[in-house]
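For the sequence shown, counting from 1, position 238 maps to 238 in the numbering used here; every step adds exactly one. Each remark here refers to the structure printed beneath this line.
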Amino acid sequence: MSRRKKIYEGKAKTLFEGPEPGTIVQYFKDDATAFNAEKRDVIEGKGVLNNMLSEYFMVGLNMIGVPTHFIKRLNMREQLVRAVEIVPLEIIVRNYAAGSLAKRLGLEEGTQLPRPIVEYCLKDDKLGDPLVSEEHIAAFGWASAQDMDDILSLALRVNDFMAGVLYGVGIRLVDFKIEVGRVFEGDFQRLIVADEISPDSCRLWDVETGQKLDKDVFRRDLGSLTDAYTEVARRLGVMPKGATPMARPTLIN
Ligand code: UDP
């Protein structure tokens with residue numbers, strides 16, 4: 001068995017060359033980072049939970065016609081995805097004020113926004129992913145006007161789907177981040193949802209109690225991150241009976 005070629009190692013995931021051209025194996029690590037990697041830890045089981053939860057959301061999105069990079073889950077820690085050219089933007093959708101928006105505008109966390117608000121940050125760790133406007137995006141050519149229309153539409157469709165699914169299990173979708181990538185099909189190119197959708201990239205609050213079930217548990221030292229993510233997985237029926245997020249990976253060949 002030959003060793004797979006590593007393409008990229010990020011903070012929470014490692015990407016390997018996939019078995020077919022145009023595919024990538026996405027490996028979910030247990031590493032947790034916050035505040036631009038100033039705070040870091042290894043949380044056993046996080047990678048397994050995020051792999052399963054991201055699969056759940058991406059499969060649902062594919063089923064309602066929102067294109068994503070997800071092809072199939074390979075094992076507890078890995079999924080096969082389509083290779084994309086990542087658009088260098090973090091696309092943030094907010095339904096309630098929290099985090100940096102609450103701080104920037106002096107809003108109380110949890111204030112319902114008049115409508116979903118979409119924001120864009122430049123993907124650049126060295127700069128701390130700064131907020132950018134559509135003017136910046138157009139002027140620097142990070143995405144075209146057509147791309148921005150498609151991105152807005154994808155972001156709002158993902159928001160409607162996720163907010164509905166989560167509300168059904170008593171979880172409020174406060175905000176989340178997605179990334180999109182370009183795929184080329186013959187003479188055409190289109191944008192699809194890429195990266196991951198998991199409690200690492202969302203704010204999820206229990207509807208009744210307001211309890212945080214997302215990465216803020218780690219950022220703000222609010223308890224066990226694994227317990228919080230396991231609760232989300234349990235409510236969505238994602239963890240198979242008897243499965244434990246601590247299981248080690250089965251390698252694919
Ligand atoms: N987010 C993310 N990655 C980032 C920045 C933000 O996944 O690099 C998510 C974050 O988990 C939250 C939403 O995007 O669900 C909005 O984050 P915010 O701008 O409030 O930043 P934060 O307060 O998390 O730094």
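Note that beta-carbon positions come from the ideal geometry of N, C-alpha and C, so glycine has one too.
DSSP lists C121 as the beta-bridge partner residues of L131.
Remark: the shortest separation between the CB of G99 and any heavy atom of the ligand UDP falls under 8 Å.
Assignment of R190 by DSSP, reduced to helix, strand and coil, places it in the strand class. By the Cβ-count criterion, A155 is buried, with 16 or more other Cβ atoms from all chains shown falling within 10 Å of its own Cβ. Leaving aside the five residues that flank A138 on each side, the residues in its chain whose CB is nearer than 7 Å to its CB run, in chain order, A145. Taking the Cβ of R220 as the reference point, every heavy atom of the ligand UDP lies at 8 Å or farther away. Residue range 171–185 is occupied by the beta strand (DSSP E) that includes G181. When C-alpha distances from C121 are compared across P130, D175, G65, N62, the shortest belongs to P130. Excluding sequence positions up to five before and after F28, its CB lies within less than 6 Å of the CB of K13, G47, N50, N51, R77, all in the same chain and listed in chain order.
L222 and E20 have their alpha carbons spaced roughly 42 Å apart.
W205 places its beta carbon less than 9 Å from that of R172. Cβ contact annotation for K11 (same chain, cutoff 7 Å, sequence separation greater than five): D31, T33, A37, in chain order.
In this structure, DSSP gives F57 a helical state, which the three-state scheme calls helix. Distances taken from the Cβ of V42 to the heavy atoms of the ligand UDP include none shorter than 8 Å. Setting aside the 5 residues that flank it on each side, I7 is surrounded in the same chain by L15, F16, E17, I24, each with a C-beta closer than 8 Å to its C-beta; the list follows chain order. About 6 Å separates the Cβ atoms of R94 and L101, confirming a contact at the 8 Å cut-off.
Checking the DSSP bridge columns, you'll see F28 partnered with K13.
The continuous alpha helix (DSSP H) containing D149 extends over residues 145–167. If you ignore the 5 residues before and after A163, its C-beta comes within less than 7 Å of the C-beta of N95, L173, all in its own chain and listed in chain order.
Inclusion of I92 in the 8 Å shell around the ligand UDP follows from its C-beta lying nearer than that to a non-hydrogen atom of the ligand.
For D206, there is no enclosing alpha helix (DSSP H); the residue is found in the beta strand (DSSP E) stretching over 202–206. Straight through space, the alpha carbons of I92 and E179 are spaced by roughly 9 Å. For S153, the shortest separation between its Cβ and any heavy atom of the ligand UDP does not lie below 8 Å.
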